[in-house]
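Undergrad: My structure is below; once you've seen it, I'll send some questions.
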Ligand SMILES: CC(C)(COP(=O)(O)OP(=O)(O)OC[C@H]1O[C@@H](n2cnc3c(N)ncnc32)[C@H](O)[C@@H]1OP(=O)(O)O)[C@@H](O)C(=O)NCCC(=O)NCCS
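In the numbering used here, the protein residues as written are 1456 to 1812.
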């Protein structure tokens, strides 16, 4: 008879070859639209992420699922969400050759029982998953809706093909936008790798601005993101840089050096083909001055002119709320194409437990 084993990743060494199954799965789940041979790329920071169970904002639990000692799946449960302690989030992946045999259901049942046995479900009332229109089976969303899940938020992932940009055109456009913003009294600063000592303002003022812009985003999903920014959060966010990742942030200031907006690009050593863009935001008093598009264009121009890593990048990728019309308009100007949607889906935990049986 075949048997299923669940091995806690915390019990494996960071170099355990079995972890390759999870790092490959994770890439496939996140970036299903690229025809890339990930096996040739290092996965050091993904492995480090798998081992980093206790973070400032969450507690993470990872298991490798094996059948007859062959790795076939991965389960990631996340509790202790700093802003929403009642939410349990799950990522689950089953190898395509082993699907529709009840493995996902069995794995989730195991994970929830494990949390209950360790008294970790006491504060939890909601169960959350992200279902991708590209990485998940198309009928799965329908199945979850039938089970009583609701879509709480749709994250639209867009990407711009870097090769499509004409360097001179971007350079000129960046200059025009910068001149126009400067004529309105704004100025900009590039910050590398979260080095906040360089800021023209205090770190506290910067965090306040970052938190304000984050909370202005439409119905952001507290289940997968945080609304609190402070020094501990900042340090954690940049920890992976020690594994070779690199971040470049642009900050906008008004005439008195008050920070009014930011945008950030992230190079990951595990994924040199995608340049991720995060957290573009402007505080509302300064909306309507083209700061969003100016920051994104200046950042892109800065990276294209100065970073050799850009030669390998294929997509400049970003995620927005599907309802975020302003940001989507900016993305259209910058020639982003819609790639896939990520549906954040939630159900009452009791209902999930009952379904799993
Ligand atoms: C989603 C996934 C984990 C399902 O794994 P699985 O082992 O095939 O799932 P199970 O056999 O345990 O099925 C569990 C239930 O989901 C349903 N289901 C599974 N795959 C489905 C599909 N493609 N379409 C519709 N329903 C599906 C099953 O019918 C079953 O329902 P039932 O309990 O009412 O009989 C797997 O397809 C996968 O890894 N996909 C890629 C990653 C992903 O999308 N993860 C989910 C978001 S975190």
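A virtual CB, placed ideally from N, CA and C, is assigned to each residue, including glycine. Keep in mind it's a predicted model, so treat the numbers as computed, not measured.
Under 8 Å from any heavy atom of ligand 1, does the C-beta of residue 1794 make it?
TA: Answer for residue 1794: no, Cβ out of range of ligand 1.
Undergrad: Could you check which residue in 1689, 1605 and 1790 has the C-alpha nearest to that of residue 1806?
TA: 1605
Undergrad: Given the structure, does residue 1653 come close to ligand 1, in the sense that its CB is under 8 Å from one of the ligand's heavy atoms?
TA: no
Undergrad: Is any heavy atom of ligand 1 found at a distance shorter than 8 Å from the C-beta of residue 1526?
TA: Checking the Cβ of residue 1526 against ligand 1 gives no.
Undergrad: I need the boundaries of the beta strand (DSSP E) containing residue 1610, first residue and last residue.
TA: Per DSSP, residue 1610 belongs to the beta strand (DSSP E) from 1605-1616.
Undergrad: At a threshold of 8 Å, does residue 1774 count as lining ligand 1 (C-beta to nearest heavy atom)?
TA: Within 8 Å of the C-beta of residue 1774 there is not a single heavy atom belonging to ligand 1.
Undergrad: How about residue 1458: is its Cβ closer than 8 Å to a heavy atom in ligand 1?
TA: no
Undergrad: Any chance you could list the beta strand (DSSP E) runs of at least 3 consecutive residues sitting entirely within the segment 1726-1806, in chain order?
TA: 1726-1737, 1770-1776 and 1792-1803
Undergrad: From this set, 1751, 1691 and 1555, which residue's C-alpha is nearest residue 1813's C-alpha?
TA: Because residue 1813 is not part of the residues shown, which for the chain are 1456 to 1812, the question remains open.
Undergrad: For residue 1684 and residue 1663, I'd like the C-alpha separation in whole angstroms.
TA: 8 Å
Undergrad: Could you tell me the distance, in whole angstroms, from the CA atom of residue 1719 to the CA atom of residue 1537?
TA: 23 Å
Undergrad: Please indicate yes or no: does the CB of residue 1630 lie closer than 8 Å to some heavy atom of ligand 1?
TA: no
Undergrad: In whole angstroms, what is the alpha-carbon distance linking residue 1629 and residue 1793?
TA: 23 Å
Undergrad: Output the distance between the C-alpha atoms of residue 1590 and residue 1795, rounded to the nearest integer angstrom.
TA: In a straight line, the C-alpha of residue 1590 is about 9 Å away from that of residue 1795.
Undergrad: In the DSSP output, which residue or residues are listed as bridge partners for residue 1716?
TA: 1707 and 1737
Undergrad: Whose C-beta lies closer than 6 Å to the C-beta of residue 1612 among residues of the same chain, with five residues either side of it excluded?
TA: 1774, 1794 and 1795
Undergrad: Residue 1496: which of 1484, 1744 and 1725 sits nearest, CA to CA?
TA: 1725
Undergrad: Under 8 Å by Cβ, that's how I've got residue 1511 and residue 1688 pegged, so tell me the actual separation to the nearest angstrom.
TA: 6 Å
Undergrad: Any heavy atom of ligand 1 closer than 8 Å to the Cβ of residue 1672?
TA: No, ligand 1 has no heavy atom inside 8 Å of this Cβ.
Undergrad: Check whether the segment 1527-1542 and the segment 1761-1769 touch, using three or more Cβ-Cβ pairs below 8 Å as the test.
TA: Contact fails between the segment 1527-1542 and the segment 1761-1769, because fewer than three Cβ pairs, one in each stretch, are under 8 Å apart.
Undergrad: Looking only at DSSP bridge pairs, what is residue 1521 linked to?
TA: 1460 and 1526
Undergrad: Exposed or buried, what is residue 1751 when buried is set at 16 or more other beta-carbons lying within 10 Å of its beta-carbon?
TA: It counts as buried.
Undergrad: So, residue 1523 versus residue 1480, is the Cβ gap smaller than 9 Å?
TA: By the CB criterion at 9 Å, residue 1523 and residue 1480 fall outside the cutoff.
Undergrad: Label residue 1640 either buried or exposed according to how many other C-beta atoms from any shown protein chain fall within 10 Å of its C-beta, with 16 as the threshold for buried.
TA: exposed
Undergrad: Return helix, strand or coil for residue 1642, following the three-state DSSP convention.
TA: strand
Undergrad: With distances taken from CA atoms, which of 1728, 1597, 1519 and 1513 is nearest residue 1471?
TA: 1519
Undergrad: Comparing C-alpha positions only, which one of 1708, 1465, 1646 and 1703 sits nearest to residue 1765?
TA: Taking only the C-alpha atoms, the option nearest residue 1765 is 1703.
Undergrad: If you follow the alpha helix (DSSP H) that residue 1651 is in, where does it begin and where does it stop?
TA: Element bounds for residue 1651: n/a, residue is neither H nor E.
Undergrad: Comparing alpha-carbon positions, which option in 1569, 1504 and 1541 lies nearest residue 1802?
TA: 1541
Undergrad: According to DSSP, which residues form a beta bridge with residue 1600?
TA: Beta-bridge pairing links residue 1600 to no other residue.
Undergrad: Is residue 1585 near ligand 1, going by C-beta to nearest heavy atom under 8 Å?
TA: yes
Undergrad: Using a threshold of 9 Å, state whether the C-beta atoms of residue 1567 and residue 1808 are closer than that.
TA: yes
Undergrad: Got a sec? Which residues, its chain only, sit under 6 Å from residue 1786 by beta carbon, not counting five neighbours each side?
TA: For residue 1786, same chain residues with a beta-carbon under 6 Å away, outside a window of 5 residues either side, are 1613 in chain order.
Undergrad: Note down, in chain order, each residue of its chain lying with its Cβ closer than 6 Å to the Cβ of residue 1656, except the 5 sequence neighbours on either side.
TA: The answer, listed in chain order, is 1712 and 1714.
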